[in-house]
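Novice: Top line first, the protein sequences correspond to chains A and B. Taken in order, the first sequence gives residues 1 to 193; the numbers are from the working numbering. Taken in order, the second sequence gives residues 194 to 386; the numbers are from the working numbering. The C-beta atom is built at its ideal place from N, Cα and C for all residues, glycine as well.
Protein chains: 2
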Amino acid sequence: MNRMATRRDERTQESRRLLVAAAAELFAEKGYRQTSFVDIAGRAGISRGSIPWHFGNKLGLLEAVVDDQLQVVLAGLPPGGEEPTGDSLDQAMGFIRLPAARLFITLLAEAVEVGSPIREHYARLHAALRQAVRARVAAEALPPGTTPEAFTVLLVGAVIGVHAQWRVAPEAVDLEAVRTAILALLQAGPGRA
Amino acid sequence: MNRMATRRDERTQESRRLLVAAAAELFAEKGYRQTSFVDIAGRAGISRGSIPWHFGNKLGLLEAVVDDQLQVVLAGLPPGGEEPTGDSLDQAMGFIRLPAARLFITLLAEAVEVGSPIREHYARLHAALRQAVRARVAAEALPPGTTPEAFTVLLVGAVIGVHAQWRVAPEAVDLEAVRTAILALLQAGPGRA
DNA sequence: CGATTTCTATGTTGGCTGACACAGGCTATA
DNA sequence: TATAGCCTGTGTCAGCCAACATAGAAATCG
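(1) Where does threonine 228 of chain B fall in DSSP's three states?
(2) Hey, quick one: how far does the alpha helix (DSSP H) through arginine 390 of chain B stretch, first residue to last?
(3) Less than 7 Å separating the beta-carbons of arginine 226 of chain B and alanine 234 of chain B?
(4) What residues in its chain sit with their C-beta under 6 Å from that of aspartate 90 of chain A, if we drop five residues either side in the sequence?
(5) Mind checking whether isoleucine 244 of chain B and serine 208 of chain B have CB atoms under 7 Å apart?
(6) So the candidates are A:Val20, A:Arg8, A:Thr180, A:Ala5; which of them puts its Cα closest to the Cα of valine 65 of chain A?
(7) Using DSSP with H/G/I as helix, E/B as strand and the rest coil, what is serine 445 of chain B?
(8) Here's the rule: buried if 16 or more other CB atoms are within 10 angstroms of the residue's CB, otherwise exposed. What is alanine 5 of chain A?
(9) Please list, in chain order, all residues of the same chain as aspartate 232 of chain B whose beta carbon is under 7 Å from its beta carbon, the five residues on each side excluded.
(10) Could you name the residues of the same chain whose beta carbon sits closer than 6 Å to that of glycine 287 of chain B, not counting the 5 residues immediately before and after it, in chain order?
(11) Please classify glutamate 110 of chain A as buried or exposed, where buried requires at least 16 neighbouring CB atoms within 10 angstroms.
(12) For my contact list, alanine 215 of chain B and arginine 236 of chain B are in at a C-beta cut-off of 8 Å; report their separation, rounded to the angstrom.
(13) According to DSSP, simplified to helix, strand and coil, what is glycine 253 of chain B?
(14) Please work out which residues of its chain come closer than 7 Å, Cβ to Cβ, to glycine 224 of chain B, disregarding the five sequence neighbours upstream and downstream, and give them in chain order.
(15) Take histidine 247 of chain B as the anchor and find which of B:Asp202, B:Ala221, B:Glu222, B:Phe297 has the nearest alpha-carbon.
(16) In whole angstroms, give me the CA-to-CA distance for arginine 11 of chain A and threonine 373 of chain B.
(17) Output the distance between the C-alpha atoms of aspartate 260 of chain B and leucine 18 of chain A, rounded to the nearest integer angstrom.
(18) Taking the alpha-carbon positions, what's the threonine 228 of chain B to leucine 296 of chain B distance?
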């Protein structure tokens, strides 16, 4: 039989929630590497030492943030979303402005900036995109002149935006691929952390 | 080579000091069993959970209190103490009013009250007294009509008072016997703890 | 430049807090 | 007198905080 939820559990979940929320905001604002534990803890109103305690290390926090935001995406559009009006990827790009999408774009852009081996993950991300938009959007409609790096950034944003807008079934999006790629990209780069 | 004292050490020692001081006061006021962790923690301004954390259990705290107060006794009289003026145990009894002595008296009285097997320790305490006052006071001068329990209480108080007043050499006082007896007495009795 | 110091940020850990589990005593009810 | 429920108090432990150790970057010096 399952245990009842205790006040301890509630406190733990609340702390994690606050930290993840604060980190998501700051990562989107300043990027992953430019955001320190002090920044996050200050915004969340929790002590700095609690971050590695909860998430092991900074990458663990990023992982929690990514997973959380992917869940936000899966939850669908905000109330009042209208029916899709087009099927080109350019239109899908418009939805990159969604907060969750903004975060992923920022993270990917940062990965490119710090020189992560983004090409290694290109194929996988591309496959994820194709799988996601196969039903409604032709992946071939993407602008062909962009560099692989920028292309990938756009792809991920598109995966998110397309999914949110056209309500592609969750099974159709290989979110695990997106998640793995983002984490690997930010982990690989050299830097102060 | 020994490590430098850190702020952590200081905090630990300060917390222990506050708790021992608060416990010593409350034990002397209300007795050992009637004093709860909440009482002690409240007076010390420290959380209740810290007491067993620092001292293992309530008896560990009592042990720390006893040791601390014995050290106070060993430290000698307050400045300005005059030379001893008498050598009877009755005079020594006057010093039972010393705060440290008051604590021990209270603890022993409580041990008697809860029915600890105080007689088992009588011989040892008596020997401690004889050893302490041999140089200046005749143990045989004690009032002979008192009950063994009250007698023991008085003995311990006298050990402390005599020592403090006449500056008996520390080696002459079997403080370990006093300490052991007090702890054993309070530990043995049945009670709510 | 290279060496040295200072600064900043992360990861680790000792110490503290308060929720929880449990035991023993007390009270109410039959 | 039994029995059940309540209350009080101790001991344990997950969670949190902040000091400490350390590494890498940046600044400063020779």
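Specialist: On the basis of the coordinates in this document:
(1) coil
(2) Residue 390 of chain B is absent from the model: chain B starts at 194 and stops at 386.
(3) no
(4) For aspartate 90 of chain A, the predicted structure reports a pLDDT of 46, less than 50, and the residue's modelled location is therefore unreliable. The matter cannot be settled from this model.
(5) no
(6) A:Val20
(7) Residue 445 of chain B cannot be examined here, being either before or after the span of chain B that is shown, 194 to 386.
(8) exposed
(9) Leu219
(10) Because the pLDDT of glycine 287 of chain B is 48, which lies under 50, any placement of that residue in the model is unreliable, and the question is left without a value.
(11) buried
(12) 4 Å
(13) helix
(14) Thr299, Glu303
(15) B:Asp202
(16) 44 Å
(17) 47 Å
(18) 13 Å
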